[in-house]
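Sequential numbering of the sequence shown, starting at 16, is according to the working numbering.
Even glycine gets a Cβ: it sits at the ideal position worked out from N, Cα and C.
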Amino acid sequence: MKFNKFGQMEIIGLVVIVILISLGMLFMAVFALSSDTSKKTFTRKGLAASTVSGILKLNVGKECLGQGSPQLGGDILEDCAMYFDFKEDSSSSIYQCRGKHSCVFFRALSYEILNGTLGAQEKKYEFTARLIEQKGATPKDLIEIIKNKGGCPKAAITNQDSSKPFPLQTNAGLVEVELKICD
Numbered sequence: 016m017k018f019n020k021f022g023q024m025e026i027i028g029l030v031v032i033v034i035l036i037s038l039g040m041l042f043m044a045v046f047a048l049s050s051d052t053s054k055k056t057f058t059r060k061g062l063a064a065s066t067v068s069g070i071l072k073l074n075v076g077k078e079c080l081g082q083g084s085p086q087l088g089g090d091i092l093e094d095c096a097m098y099f100d101f102k103e104d105s106s107s108s109i110y111q112c113r114g115k116h117s118c119v120f121f122r123a124l125s126y127e128i129l130n131g132t133l134g135a136q137e138k139k140y141e142f143t144a145r146l147i148e149q150k151g152a153t154p155k156d157l158i159e160i161i162k163n164k165g166g167c168p169k170a171a172i173t174n175q176d177s178s179k180p181f182p183l184q185t186n187a188g189l190v191e192v193e194l195k196i197c198d
C-alpha cells in the first residue's frame, strides 16, 4: 500500500510541474506578442523626435543670404514667425533663401528632408509648424501642413505617435513644430 501512495504523489508532483511550465509558457507568449506593439510605438516616437530635432538643427548657410550661417529651426523659423504676414514678399524677411521668404523656404526644405527620409520608407506622416502669439490665442499655421500618403487620420490615433510639440520662443511668440507618424 505504501508503494501506491508514493506513486500517486509522484504523478501529482509531475502534474503540478506540467501546469507550472504551461503557465510560464503562456505568460512568455503573452509578453512576447505585446512587446512587438510597444517596440513599434517606441520606434515611431523616437523616429519622430529625432527627425524633428535633425530638421531644426540643420545649418543652411550657403543657401541663404543674410547674417552668418542660419539654422533652419532657430534662425529661419524665427524669421518666418517675425515676418509671417509678409509671405508674398521674399525681401521682407531677414533671410532670403533660394530667393524665397523664410516660411516658404522652411516648408520647401522640410518637405525635401521628410520626403527623402520618411517618404522613402513609405511612412504616413504630418508635419506642422504653428505660431502662438500670446497665451490663449488661436495658433496660426506658419506653413501649409506637410503630409505623406494622406497624413494621419484622426480615427487612427492608436497607430499614431508624435514627436510632441518642439517649442521655440521667438519675439513673435511661441512656435511649436510637431511631426506625427502613423501606420
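For residue i, the three-state DSSP class (helix, strand or coil)
i	result
residue 143	strand
residue 118	helix
residue 186	coil
residue 177	strand
residue 16	Here residue 16 scores only 47 on pLDDT, less than 50, and its place in the model is too uncertain to base an answer on.
residue 192	strand
residue 80	strand
residue 197	strand
residue 161	strand
residue 167	coil
residue 111	strand
residue 23	helix
residue 138	coil
Straight-line gap, residue i to residue j (C-alpha atoms, nearest Å)
i	j	result
residue 41	residue 34	10 Å
residue 36	residue 92	59 Å
residue 164	residue 192	20 Å
residue 61	residue 142	15 Å
residue 153	residue 146	9 Å
residue 38	residue 25	20 Å
residue 127	residue 85	18 Å
Exposure of residue i, with buried meaning 16 or more beta-carbon neighbours within 10 Å
i	result
residue 90	buried
residue 224	Residue 224 is absent from the model: the chain starts at 16 and stops at 198.
residue 150	exposed
residue 16	Note on residue 16: pLDDT 47, under 50, position unreliable in the model; no value is reported.
residue 70	buried
residue 176	buried
Within-8 Å CB hit, residue i to chain D
i	result
residue 29	Looking for chain D here will not work: only one protein chain is present.
Residue nearest to residue i in terms of C-alpha spacing, selected from the options
i	options	result
residue 75	66, 182, 112, 64	112
residue 195	169, 154, 45	169
residue 148	110, 182, 87, 67	182
residue 180	198, 160, 144	144
residue 120	68, 44, 88	88
residue 185	95, 118, 30	95
Heavy atom of the ligand NAP within 7 Å of residue i beta-carbon
i	result
residue 33	Inclusion of the ligand NAP in the displayed structure is not the case, the ligand content being empty and no account of it being possible.
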